[in-house]
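For the sequence shown, the residue numbers in the working numbering are 2 to 254. Note that beta-carbon positions come from the ideal geometry of N, C-alpha and C, so glycine has one too. Everything on this sheet refers to the single structure shown next.
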Amino acid sequence: MRRTETLSHARRQSLVDFALDALREHIGAGTWPVGSRIPNEAELGNMLQIGRNTVREAIRVLSHAGVLEVRQGDGTYVRSIEDPAVVMRTISRSSLRDHFELRAMLEIEGARLAASRRSPRDLRRIESALTARGECNAADNVDAFLKCDAAFHLAIVEASRNGALIQLYRYFLGMAQEAARSAMIEHGVAEPGQRLHARLFRAIEAGDVAHAARAARAVLRPLIAAFSLVEKNVPSNGRGRAPDAGMEAIDLR
Numbered sequence: 002m003r004r005t006e007t008l009s010h011a012r013r014q015s016l017v018d019f020a021l022d023a024l025r026e027h028i029g030a031g032t033w034p035v036g037s038r039i040p041n042e043a044e045l046g047n048m049l050q051i052g053r054n055t056v057r058e059a060i061r062v063l064s065h066a067g068v069l070e071v072r073q074g075d076g077t078y079v080r081s082i083e084d085p086a087v088v089m090r091t092i093s094r095s096s097l098r099d100h101f102e103l104r105a106m107l108e109i110e111g112a113r114l115a116a117s118r119r120s121p122r123d124l125r126r127i128e129s130a131l132t133a134r135g136e137c138n139a140a141d142n143v144d145a146f147l148k149c150d151a152a153f154h155l156a157i158v159e160a161s162r163n164g165a166l167i168q169l170y171r172y173f174l175g176m177a178q179e180a181a182r183s184a185m186i187e188h189g190v191a192e193p194g195q196r197l198h199a200r201l202f203r204a205i206e207a208g209d210v211a212h213a214a215r216a217a218r219a220v221l222r223p224l225i226a227a228f229s230l231v232e233k234n235v236p237s238n239g240r241g242r243a244p245d246a247g248m249e250a251i252d253l254r
């Protein structure tokens, strides 16, 4: 691609980004409420002082993201105030403690639902993932270990039979793994042991909803407590485990 073509492409992309930001701002401010029809391409082009092709590209991006819905012959309507891409970027920039607290919310509820809805097949999958996790050694290969750990927790969430929760957890899982990797490598935080994970499986196997929630909470409590101390620059208790603190806000009973 020649330099002039490269500059032209860059300028066009910057205009599309400008259009995206402007449309998101109007939608977020309530200029066009959910369910309402937005101005047509020509009107938006005049309003933003950009070409119709640029407007069309911005609408295409937001339609793909689920923010807008294009109805042939009728116009373009607002489907959602939030752009998932923006939401996920915001989450990705959150602190490690925030990541683990969000992970705890999803996994605690997933464990509660799994305990009451799991099938024999679900239990076999969870137990198999638990065994595989126990055979992985974080000291040998952190990434392989985190993959095994993620497979165990995903198997539990999938046993919840809640489609929305499953999709949200899958969407979040990559960032959760990256947060765990950073915790282990950069901050020296130890991943909760196999015993706590086995206790979680047994609670789900027994169909004990309350025990499953407590067990899921116990798995992540030391990690969240450790990051509470890191953020406050408070030294650990010297016993290889942070005190059980920082979980009150997500004590889902």
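Cutoff 8 Å; reference residue i; Cβ partners in own chain excluding five residues on either side
i, result
"serine 15", "none"
"methionine 48", "Pro40"
"leucine 169", "Leu107"
"aspartate 18", "none"
Identity of the residue in the options nearest residue i by Cα
i, options, result
"glycine 189", "Val62, Ser81, Ile109 and Ala227", "Ala227"
"phenylalanine 146", "Pro193, Glu110, Gly76 and Ala214", "Pro193"
"alanine 130", "Asp144, Lys148 and Ala66", "Lys148"
"leucine 197", "His154, Ala23 and Ala140", "His154"
Beta-carbon proximity of residue i to residue j, cut-off 7 Å
i, j, result
"serine 81", "valine 71", "no"
"glycine 111", "glutamine 195", "no"
"alanine 180", "leucine 97", "yes"
"valine 56", "glycine 46", "yes"
"valine 220", "methionine 185", "no"
"isoleucine 51", "alanine 20", "yes"
"alanine 66", "aspartate 84", "yes"
"aspartate 123", "alanine 160", "yes"
"isoleucine 60", "threonine 77", "yes"
"alanine 214", "arginine 200", "no"
Chain-order list of residues whose beta-carbon lies under 6 Å from that of residue i (same chain, five-residue window excluded)
i, result
"arginine 126", "Ala156"
"arginine 1", "As displayed, the chain neither begins before 2 nor continues past 254, which places residue 1 out of reach and without an answer."
"serine 37", "Val79"
"arginine 242", "Only weak support is given to the placement of arginine 242: the predicted model assigns it a pLDDT of 37, under 50, and the question is left unresolved by the model."
Cβ shell of residue i (< 7 Å), same chain only, five flanking positions each side left out
i, result
"histidine 301", "One cannot answer for residue 301 here, as it falls past the ends of the chain, which runs 2 to 254."
Within the chosen definition, does the segment 116 to 128 reach the segment 197 to 205 through at least 3 CB pairs nearer than 8 Å? yes
Report the residue ranges of all beta strand (DSSP E) runs contained in full by the segment 34 to 85; include only those spanning at least 3 residues, in chain order. 69 to 72 and 76 to 79
Entirely within the segment 156 to 229 and at least 4 residues each: give me those alpha helix (DSSP H) ranges in chain order. 164 to 187 and 195 to 207
For a minimum of 4 consecutive residues, which ranges assigned as the alpha helix (DSSP H) are wholly contained in the segment 107 to 141? 121 to 136
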